[in-house]
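Student: I am attaching a structure below and will ask some questions about it afterwards.
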Amino acid sequence: MVPVYNPPSVAPEVFGAGFELARVYADLLATAGVERGLIGPREADRLWERHLLNSAVVAEAIDQAAAVVDVGSGAGLPGIPLALARPDLRVTLLEPMQRRCLFLQEAVGRLGLEGRVTVLRGRAPDAAATVETHAFDVCLARALAPLERLGAMLLPMVKPGGVMLALRGAGVVEELSIARGELEAQGWRDVAVVKCGVGRVTDPTTVLRAVHAAPQPGRRQGSGKTRETRRGREAQRAGGRARST
Ligand SMILES: C[S@@+](CC[C@H](N)C(=O)[O-])C[C@H]1O[C@@H](n2cnc3c(N)ncnc32)[C@H](O)[C@@H]1O
1 MVPVYNPPSV APEVFGAGFE LARVYADLLA TAGVERGLIG PREADRLWER HLLNSAVVAE
61 AIDQAAAVVD VGSGAGLPGI PLALARPDLR VTLLEPMQRR CLFLQEAVGR LGLEGRVTVL
121 RGRAPDAAAT VETHAFDVCL ARALAPLERL GAMLLPMVKP GGVMLALRGA GVVEELSIAR
181 GELEAQGWRD VAVVKCGVGR VTDPTTVLRA VHAAPQPGRR QGSGKTRETR RGREAQRAGG
241 RARST
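Quick note, the sequence shown lines up with residues 1 to 245 if you use the UniProt record's numbering.
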């Protein structure tokens with residue numbers, strides 16, 4: 001295992017000019033993050049691979065100067081490593097828990113990211129109304145919710161044509177085979193699993209990418225069709241006992 005003070009050799013390339021600040025953030029996670037229960041004590045030795053690099057390589061999937069929201073940011077993952085690796089991004093860290101928001105504020109201050117990174121206390125999808133509905137080009141989420149619920153939570157926050165990038169485990173392919181219809185009914189298109197960091201990091205990040213489809217005239221997104229899809233699936237699970245009406 002790589003100790004926190006000894007980052008992998010690829011880290012300077014991934015973080016570029018933000019590398020020294022990434023070291024500061026890694027130290028912060030390994031000390032205050034662990035002490036305050038935001039990071040498990042066993043994570044301290046594998047912070048770079050599993051958390052910092054895993055998050056930062058997702059920069060490959062984000063356009064220049066995008067407005068990004070990290071929903072359920074926790075200790076700042078993936079939002080803070082991305083902000084460090086990509087100084088062109090404007091990042092909002094959305095998190096409902098007070099003590100996590102406090103840690104995030106402290107981290108943003110220590111890393112000098114004020115002005116470009118904002119901490120917002122709130123919960124998706126309600127926070128979409130607080131900021132501005134469909135305010136973001138990119139909506140990120142790691143370890144937040146099952147795909148179908150995630151799609152419904154994130155859609156109100158993303159612009160039509162904007163993307164959801166959900167950092168997932170290897171099981172996402174199977175998860176997607178079940179959830180695809182529901183995601184499309186909610187208003188997502190071009191739903192696909194992509195890998196970020198291939199040829200750069202040891203363990204590339206698996207990401208569910210989907211584009212917010214432009215609303216169709218006369219059709220409300222995430223409405224009737226979603227319920228029909230859900231009923232149809234329930235009918236299938238129930239062996240045909242229920243009927244989609
Ligand atoms: C399992 S943690 C993951 C934290 C971080 N993304 C990571 O990967 O380490 C889930 C986080 O989502 C937050 N959360 C839960 N429901 C949420 C919601 N509806 N909107 C925004 N954040 C939420 C929790 O407070 C928690 O910090």
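Positions of the beta carbon are idealized from the N, C-alpha and C atoms, including for glycine.
1. Output the distance between the C-alpha atoms of leucine 89 and leucine 147, rounded to the nearest integer angstrom.
2. DSSP three-state call for serine 223: helix, strand or coil?
3. If you count every other CB in all the chains shown that lies within 10 Å of the CB of aspartate 137, and 16 or more means buried, which is it?
4. List the DSSP bridge partners of threonine 205.
5. What does the alpha-carbon distance come out to for the pair alanine 67 and threonine 92?
6. Based on DSSP bridge pairs, tell me the residues matched to glutamate 174.
7. Taking the alpha helix (DSSP H) that proline 81 belongs to, which residues open and close that run?
8. Per DSSP, what kind of secondary structure is methionine 153 in: helix, strand or coil?
9. Rounded to the nearest angstrom, how far is the Cβ of valine 58 from that of leucine 167, given a contact under 8 Å?
10. Is the beta carbon of leucine 165 closer than 8 Å to that of valine 207?
11. Label serine 177 either buried or exposed according to how many other C-beta atoms from any shown protein chain fall within 10 Å of its C-beta, with 16 as the threshold for buried.
12. Going straight from the alpha carbon of glutamine 105 to that of aspartate 45, what length do you get?
13. Cutting at 8 Å between CB atoms, please list the residues of its own chain near glutamate 13, excluding the five before and the five after it.
14. May I ask you to report which of helix, strand or coil DSSP gives leucine 124?
15. Please list the terminal residues of the continuous alpha helix (DSSP H) segment that includes glycine 162.
16. How about arginine 121 and cysteine 139: are their beta carbons less than 8 Å apart?
Tutor: If we stick to the structure as given:
1. The residue labelled residue 89 in the question sits at position 89 within the sequence shown. The residue labelled residue 147 in the question sits at position 147 within the sequence shown. Rounded to whole angstroms, leucine 89 to leucine 147 spans 25 Å at the Cα level.
2. Walking along the sequence shown from the start, residue 223 turns up at place 223. For serine 223, the predicted model reports a pLDDT of 39, less than 50, meaning its position is unreliable and no value from the coordinates is stated.
3. In the sequence shown, the residue the question calls residue 137 occupies position 137. It counts as buried.
4. As a first step, residue 205 is located in the sequence shown; it is residue number 205 there, counting from the start. Paired residue(s): Cys196.
5. Here the question's residue 67 lines up with position 67 in the sequence shown. Here the question's residue 92 lines up with position 92 in the sequence shown. Cα to Cα, alanine 67 sits roughly 8 Å from threonine 92.
6. Your numbering for residue 174 matches position 174 in the sequence shown. Paired residues: none, contrary to the question.
7. Stepping through the sequence shown from its first residue, residue 81 is reached at position 81. Here the alpha helix (DSSP H) through proline 81 covers 79-85.
8. Your numbering for residue 153 matches position 153 in the sequence shown. Three-state result, methionine 153: helix.
9. By one-based count along the sequence shown, residue 58 stands at place 58. By one-based count along the sequence shown, residue 167 stands at place 167. Indeed they touch by this definition, with Cβ atoms about 7 Å apart.
10. Residue mapping note: residue 207 aligns to position 207 of the sequence shown, counting from 1. Residue mapping note: residue 165 aligns to position 165 of the sequence shown, counting from 1. Yes, the pair counts as a contact, with Cβ atoms nearer than the cut-off.
11. Within the sequence shown, residue 177 is the residue found at index 177, counting from 1. Under this definition serine 177 is an exposed residue.
12. What you label residue 105 is simply residue 105 of the sequence shown in a count that begins at 1. What you label residue 45 is simply residue 45 of the sequence shown in a count that begins at 1. Distance between the alpha carbons of glutamine 105 and aspartate 45 is about 24 Å.
13. The sequence position of residue 13 within the sequence shown is 13, counting from 1. Answer for glutamate 13: Arg200, listed in chain order.
14. Along the sequence shown, read from residue 1 onward, the residue named residue 124 stands at position 124. The residue you asked about is not leucine; residue 124 is alanine in the sequence shown. Alanine 124: coil per DSSP, three-state reduction.
15. Counting from 1 along the sequence shown, the entry for residue 162 is found at position 162. No alpha helix (DSSP H) contains glycine 162, which is instead part of the beta strand (DSSP E) from 158-168.
16. Indexing the sequence shown from 1 puts residue 121 at position 121. Indexing the sequence shown from 1 puts residue 139 at position 139. No. Outside cutoff.
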